[in-house]
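Novice:
Protein chains: 2
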Amino acid sequence: MSAEEDRLARITWSLVAEPSDAVALLARTALGAGAALELAREASAAEALQLLGGSIPGDPATDGGASDPRRRLEQALARWRSRLRHVDVPAQLARAERDGIRVLVPGDPQWPTALDDLEVAAPHCLWVLGDEDPCLPGTQGSVAVVGSRASSPYGEDVAGGMSAALASRGIAVISGGAYGIDAAAHRGALAAGAAPTLAVLAGGLDALYPRGNARLLETIRDRHALLSEAPPGTAPTRWRFLARNRLIAALAQVTVVVEASWRSGALSTARRADDLSRTVAAVPGPVTSAASAGCHRLIRERGAVLVTGGDDVLELLPGADPVAEAAGPQDELDLFSPADRRVLDAVPPRSATTCDRLAVIVDRTPEEIRAALGRLELFGAVRIAGEQVRRARG
Amino acid sequence: MSAEEDRLARITWSLVAEPSDAVALLARTALGAGAALELAREASAAEALQLLGGSIPGDPATDGGASDPRRRLEQALARWRSRLRHVDVPAQLARAERDGIRVLVPGDPQWPTALDDLEVAAPHCLWVLGDEDPCLPGTQGSVAVVGSRASSPYGEDVAGGMSAALASRGIAVISGGAYGIDAAAHRGALAAGAAPTLAVLAGGLDALYPRGNARLLETIRDRHALLSEAPPGTAPTRWRFLARNRLIAALAQVTVVVEASWRSGALSTARRADDLSRTVAAVPGPVTSAASAGCHRLIRERGAVLVTGGDDVLELLPGADPVAEAAGPQDELDLFSPADRRVLDAVPPRSATTCDRLAVIVDRTPEEIRAALGRLELFGAVRIAGEQVRRARG
Chain A
1 MSAEEDRLAR ITWSLVAEPS DAVALLARTA LGAGAALELA REASAAEALQ
51 LLGGSIPGDP ATDGGASDPR RRLEQALARW RSRLRHVDVP AQLARAERDG
101 IRVLVPGDPQ WPTALDDLEV AAPHCLWVLG DEDPCLPGTQ GSVAVVGSRA
151 SSPYGEDVAG GMSAALASRG IAVISGGAYG IDAAAHRGAL AAGAAPTLAV
201 LAGGLDALYP RGNARLLETI RDRHALLSEA PPGTAPTRWR FLARNRLIAA
251 LAQVTVVVEA SWRSGALSTA RRADDLSRTV AAVPGPVTSA ASAGCHRLIR
301 ERGAVLVTGG DDVLELLPGA DPVAEAAGPQ DELDLFSPAD RRVLDAVPPR
351 SATTCDRLAV IVDRTPEEIR AALGRLELFG AVRIAGEQVR RARG
Chain B
1 MSAEEDRLAR ITWSLVAEPS DAVALLARTA LGAGAALELA REASAAEALQ
51 LLGGSIPGDP ATDGGASDPR RRLEQALARW RSRLRHVDVP AQLARAERDG
101 IRVLVPGDPQ WPTALDDLEV AAPHCLWVLG DEDPCLPGTQ GSVAVVGSRA
151 SSPYGEDVAG GMSAALASRG IAVISGGAYG IDAAAHRGAL AAGAAPTLAV
201 LAGGLDALYP RGNARLLETI RDRHALLSEA PPGTAPTRWR FLARNRLIAA
251 LAQVTVVVEA SWRSGALSTA RRADDLSRTV AAVPGPVTSA ASAGCHRLIR
301 ERGAVLVTGG DDVLELLPGA DPVAEAAGPQ DELDLFSPAD RRVLDAVPPR
351 SATTCDRLAV IVDRTPEEIR AALGRLELFG AVRIAGEQVR RARG
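Listed below in structure tokens is the structure:
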């Protein structure tokens, strides 16, 4: 079958099957997307069983936990067919295109081949919103910085500072776009600006979730990219979040958990990274803080590397060059408070920005931003002309 | 030579040689204390070289760093002889006895045989002030809880709580009696009361150092014991502190570093414990806290086990029984604030105590103690009769 047919078959699968539909993933991997789709349309459970063999996994998201392989296949065929009856692939693609959403499949030059390490669990395709190339050319590595939604100010500061340090060294920062640690990681990377930050979402890219992060996600979309294996119109659900975590783990060479409670979802991302033989690292915190209990557990029980900041993480990236990109501006930063530094970091090296845009990136009020810009201008670090803010040097 | 002669020879060595005098330790180990003393009195450097062989270590505390073995022996013989001329062993022992200071040597039933693991570095003898038996019979294990003098309130709380939890499980808590983490560890163990806490000091036991901890050290002396390899009249010096650390590491089955800066003396105790193949553990803290940097370094670079509290430490003690001693009173403690719990913990299970004594142990003002006792009495946890305070139950 042609590459175009394979592409359409994969897109159809992403419209028909849950990300966590292990039977669909198995069928696609065993037969190829197109042949698997024919099976979905026409085969009987008996024929499917013959083609796929007896070890049919359950789908925790959808099946009733049937233990009999043939029964599981009947359930799978049933759920696929009911969806196939209603799915209109060309219409879906047209709507996605109107929303600026691209689709990538294996073989596309922009396909992040790191996802192939997931093997049978690799997504059928990837929906992309934004200009950034998800295979991240020109970056010196990629790190997932993840953690609890219920984060502490301490955790958010560490996540932001670590991500800014990594991005300033040309490392792409990947996270889940959620509240708390994820948002702090994206903001830190946006502030440093030197490398892309990607948000991998659990739902469709036509509705940015969580709503409270809409402006942050829009900024990531405008400057870099949002990714999802779920087609537009898909609501994020618990199972889709858990399935999404494997993509974050696969896209990154190192997964850093900054804060996680004893049973945080971030631990599942660490587990997936472990499964992929990726390096897992965790940031310690006060033993009195429940938000750090999961990190301490990872270090104590699951061999995660203890990291205290961006430099520790860089040591875990064989490819990374600790000195690249650090350079000039860093020196003058020592003049300013950490808060003002964040603002200065958020001013692009070569282009102009605005106070409002900085407010989104740094997550401060425009008034606070103006005050910081005043101090920065006083020390000759930025030039302000009307609404336009530029770096005075570089 | 008789056991009594060996005892006197060892005591003489502790009066003549620095704890860190590696040549003295070597001679004693190679020839026995008595014969080594004869060598110190009469041998020429040439004869000594013949008896001890060519690998004569330097003494960082005293020698000029002579690299030639014969020269080192000349220096050693010179420093020993000048001291031997002035030392009056019977007078020293009589004075120690007046101060209530005992001397223990290997072979004594109370000698802590754990020190023998130090081999050539084992102390000549041990000076003991207090009733506690340094070989800690009846305890379920021993843990060294050490850390920076420049500690944070966080570190002191963790050290105190961890030590109280360990002592309440019958684990002896060993530390150095210094300001900061050491003091918090001793206080926590005293508060739990169920197991001894020993302070190993770097100077002579006739002058309790640091002065600011005098009342705490007196309490440890009265309830348990103070130990030192240095005879009465010895001032604590940097080298004696470093030498002392090996005793703490050897006496404990596990060494826990609660807080340590990047170059803290507590790291040397961890190193000694490592050398002895003892388990080293460290407590994490905020990565933003310099007081935790050494602990993070131990975990990240030197394989220390991350521990978050007493239960984690208990898991590192094969002999320990996590449930023993916990029991009854614990339940009612949930009624009270942590501060009040510390006070209740400090009230002996079966005997009476006083407000002033509690003030020392818990390190609060008598006024704070009275307020806490009022609340505890209100809930029927303690009975107060005049100055006498008792547990209402048990």
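From first to last, the protein sequence lines stand for chains A and B. Take the first sequence: its letter number 287 is residue 287 in full-length UniProt numbering, and every next letter is one higher. Take the second sequence: its letter number 91 is residue 91 in full-length UniProt numbering, and every next letter is one higher. Just so you know, even glycine gets a beta-carbon here, dropped at the ideal spot from N, CA and C. For clarity, every value in this text was computed on a predicted model and none was experimentally measured.
Taking the alpha helix (DSSP H) that L77 of chain B falls in, what are its first and last residues?
Specialist: Counting along the chain, the alpha helix (DSSP H) containing L77 of chain B begins and ends at P69 to H86.
Novice: With DSSP collapsed to three states, give me the class of G130 of chain A.
Specialist: DSSP places G130 of chain A in strand when its eight states are reduced to three.
Novice: Residues of chain A with a CB under 7 Å from the CB of P286 of chain B: which are they?
Specialist: Residues of chain A passing the Cβ test: Y154, G285 and P286.
Novice: Which runs of the alpha helix (DSSP H) at least 4 residues long sit entirely within the region 214-248 of chain A? Give them in chain order.
Specialist: Within the region 214-248 of chain A, the complete alpha helix (DSSP H) runs of at least 4 residues are 214-223.
Novice: Tell me which residue opens and which closes the beta strand (DSSP E) that V283 of chain B is part of.
Specialist: Here V283 of chain B belongs to no beta strand (DSSP E), and DSSP marks it neither H nor E.
Novice: Could you round the C-beta distance between A189 of chain B and S152 of chain B to whole angstroms and report it? I think they count as a contact, below 8 Å.
Specialist: About 20 Å; that fails the 8 Å criterion.
Novice: Assuming A199 of chain A contacts A167 of chain A (C-beta within less than 8 Å), just tell me the rounded distance between them.
Specialist: Not really, about 14 Å apart at Cβ, beyond 8 Å.
Novice: On the DSSP letters alone, give me the boundaries of the beta strand (DSSP E) that L198 of chain A sits inside.
Specialist: Here the beta strand (DSSP E) through L198 of chain A covers T197 to V200.
Novice: If you draw a straight line from the C-alpha of P19 of chain B to the C-alpha of V146 of chain A, how long is it?
Specialist: Roughly 51 Å between the two C-alpha positions.
Novice: Excluding the 5 residues preceding and the 5 following R375 of chain A in the sequence, name in chain order all residues of the same chain whose CB lies nearer than 6 Å to its CB.
Specialist: Same-chain partners within the cutoff: D340.
Novice: Considering only the beta carbon of each residue, do D116 of chain A and L276 of chain A sit closer than 8 Å?
Specialist: The answer is no: Cβ separation not under 8 Å.
Novice: Could you tell me the distance, in whole angstroms, from the CA atom of L73 of chain A to the CA atom of P57 of chain A?
Specialist: In a straight line, the C-alpha of L73 of chain A is about 9 Å away from that of P57 of chain A.
Novice: What does a CB cutoff of less than 8 Å around D274 of chain B pick up in its chain, not counting 5 residues either side in sequence?
Specialist: Result list for D274 of chain B: V280 and R302, in chain order.
Novice: For the beta strand (DSSP E) that V388 of chain B lies in, which residues bound it at each end?
Specialist: In the sequence on display, residue 388 of chain B carries Gln and not Val. Residues Q388 to R391.
Novice: Could you give the first and the last residue of the continuous alpha helix (DSSP H) run that contains A191 of chain B?
Specialist: Run containing A191 of chain B: I181 to A192, per the alpha helix (DSSP H) assignment.
Novice: Check each residue of the region 145-171 of chain B: if its Cβ is closer than 7 Å to any Cβ of chain A, include it; give the result in chain order.
Specialist: Correct list: Y154 and V158.
Novice: Let's test the definition: count the other Cβ atoms within 10 Å of the Cβ of E259 of chain A and tell me whether it reaches 16, buried, or not, exposed.
Specialist: Classification for E259 of chain A: buried.
Novice: Below 8 Å on C-beta distance, what does G309 of chain A contact in chain B?
Specialist: Within chain B, the residues near G309 of chain A are V287.
Novice: T255 of chain A by DSSP, collapsed to three states: which one?
Specialist: In this structure, T255 of chain A counts as strand in the three-state DSSP scheme.
Novice: Using beta carbons (cut-off 8 Å, strictly below), is I299 of chain A in contact with chain B?
Specialist: Yes, I299 of chain A lies at the interface with chain B (some Cβ there is under 8 Å from its Cβ).
Novice: Is it buried or exposed for S337 of chain B, if we count other Cβ within 10 angstroms and need 16 for buried?
Specialist: It counts as exposed.
Novice: Counting only beta-carbon separations shorter than 8 Å, does L84 of chain A have a partner in chain B?
Specialist: Chain B, which has no Cβ nearer than 8 Å to the Cβ of L84 of chain A, makes this no.
Novice: Against chain B, does H296 of chain A count as a neighbour if the rule is that its beta carbon must be under 8 Å from one of theirs?
Specialist: Yes, H296 of chain A counts as interfacial toward chain B.
Novice: Apply the 10 Å Cβ neighbour rule to Q140 of chain B and answer buried if 16 or more other Cβ atoms are within range, or exposed otherwise.
Specialist: Label assigned to Q140 of chain B: buried.
Novice: If you check the beta carbons only, do T234 of chain A and A249 of chain A fall under 8 Å apart?
Specialist: Contact flag unset, no.
Novice: Could you tell me which residues DSSP puts in a beta bridge with T354 of chain A?
Specialist: Paired residues: A:Q388.
Novice: Using DSSP's beta-bridge definition, name the partner residues of V382 of chain B.
Specialist: Answer is B:R391.
Novice: With 16 other CB atoms within 10 Å as the buried threshold, where does residue 399 of chain A fall?
Specialist: This structure gives no information on residue 399 of chain A, because the portion of chain A shown stretches from 1 to 394.
Novice: Checking 8 Å against the spacing of the C-beta atoms, do G212 of chain A and Y179 of chain A come in under that value?
Specialist: The answer is yes: Cβ separation under 8 Å.
Novice: Which value, in whole angstroms, describes the spacing of the CA atoms of A9 of chain B and Q75 of chain B?
Specialist: Roughly 21 Å separates the two Cα atoms.
Novice: For R215 of chain A, which residues of its own chain have a beta-carbon under 6 Å away from its beta-carbon, when the five flanking residues on both sides are left out?
Specialist: Here the set comprises V360.
Novice: Residues of chain B with a CB under 8 Å from the CB of L306 of chain A: which are they?
Specialist: Ordered by position in chain B, the residues that pass the 8 Å Cβ test against L306 of chain A are P284, H296, I299, R300 and L306.
Novice: Tell me where the alpha helix (DSSP H) around A36 of chain B begins and ends.
Specialist: Where A36 of chain B is concerned, the enclosing alpha helix (DSSP H) stretches over A33 to E42.
Novice: Let me make sure I understand the geometry here. Which of B:S228, B:E119, B:F241 and B:Q253 has the alpha-carbon closest to that of A144 of chain B?
Specialist: Residue B:Q253 is the option with its Cα nearest to A144 of chain B.
Novice: Does the Cβ of T113 of chain A have 16 or more other Cβ atoms within 10 Å, making it buried, or fewer, making it exposed?
Specialist: With fewer than 16 other Cβ atoms within 10 Å, it is exposed.
Novice: Determine whether the beta carbon atoms of S148 of chain A and I181 of chain A lie at a separation below 8 Å.
Specialist: Yes, the Cβ-Cβ distance between S148 of chain A and I181 of chain A is below 8 Å.
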